[in-house]
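K.L.:
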Amino acid sequence: MNVSLFGSIGATLKTAQDAINVALESRDLIKNAAVVQQLSAAQHGVLSLTAQLFELQNKYLETAQELADLKKSLVQRNSYALFEISKGIFVYRLKVAGDTAGTEDPGSAEPEHYICQPCMDTKGVRAVLLRSANAFGFYSLNCPICDRKFATDEKTPRINLPPAPHDPFGRLR
Ligand SMILES: [Zn+2]
76 MNVSLFGSIG ATLKTAQDAI NVALESRDLI KNAAVVQQLS AAQHGVLSLT AQLFELQNKY
136 LETAQELADL KKSLVQRNSY ALFEISKGIF VYRLKVAGDT AGTEDPGSAE PEHYICQPCM
196 DTKGVRAVLL RSANAFGFYS LNCPICDRKF ATDEKTPRIN LPPAPHDPFG RLR
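Residues 76 to 248 in the numbering used here are what the sequence shown lists, from first letter to last.
Below is the structure:
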């Protein structure tokens with residue numbers, strides 16, 4: 076940015092200082108008016124530079140916050156590993172202690188859970204999958220963010236109804 080602006084402000088201030096020195100020595104009103112003009116120009120330059128510095132400081136703070144968010148997201152992402160929940164169906168599974176594939180992360184103290192792979196990879200969002208049973212008696216893991224359903228091979232337990240009583244003559248109907 077504005078290395079040249081710094082240079083020009085410095086030159087303006089130097090010129091103004093020189094003019095002030097000359098005016099103080101001579102006590103000439105015309106020279107004093109010129110000094111006031113130079114001081115005004117220098118002051119304008121300093122204000123402009125201050126505004127640019129303030130803008131740069133804001134951009135720096137925004138960039139630092141974005142970097143912190145990205146680092147946090149990366150640490151969070153690295154605590155999961157791709158996992159095939161059923162044939163060809165992939166989710167991310169929280170790495171457990173001792174499961175350090177791909178990172179030096181020692182694992183998490185959180186309970187085992189799965190998160191949505193598309194939400195993590197495309198949006199950087201950690202969406203913990205919720206388990207529910209479908210009408211066919213299988214569990215699926217459902218994303219609360221994108222509504223995807225990840226089929227599992229896990230069946231719901233069968234409910235054992237008592238056997239129907241023997242009724243050869245149909246009297247119990
Ligand atoms: Zn999702």
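Every residue, glycine too, gets a C-beta built ideally from N, C-alpha and C.
1. Taking 7 angstroms as the cut-off, does the CB of A226 come closer than this to any heavy atom belonging to ligand 1?
2. Could you check which residue in E159, A143 and R201 has the C-alpha nearest to that of A226?
3. I'd like to know whether the C-beta atoms of V166 and C191 end up nearer to each other than 8 angstroms.
4. Which residue from C221, Y189 and K230 puts its Cα closest to that of A208?
5. From L124 to G85, what distance separates their C-alpha atoms?
6. For V200, write down the residues that DSSP places opposite it in a beta bridge.
7. Beta carbon of K106, beta carbon of V97: below 8 angstroms?
8. Let's see if you can read the secondary structure: which residues bound the alpha helix (DSSP H) around D261?
9. Can you tell me whether DSSP reads I95 as helix, strand or coil?
10. Hey, quick one: how far does the beta strand (DSSP E) through N217 stretch, first residue to last?
11. At which residues does the beta strand (DSSP E) containing I160 begin and terminate?
12. Run the proximity test for R201: is its beta-carbon closer than 7 angstroms to any non-hydrogen atom belonging to ligand 1?
P.N.:
So, to answer that:
1. no
2. E159
3. yes
4. K230
5. 11 angstroms
6. According to DSSP, V200 bridges with nothing at all.
7. yes
8. Limits of the chain in this structure are 76 at one end and 248 at the other, which puts residue 261 out of reach.
9. helix
10. F213 to N217
11. Y155 to S161
12. no
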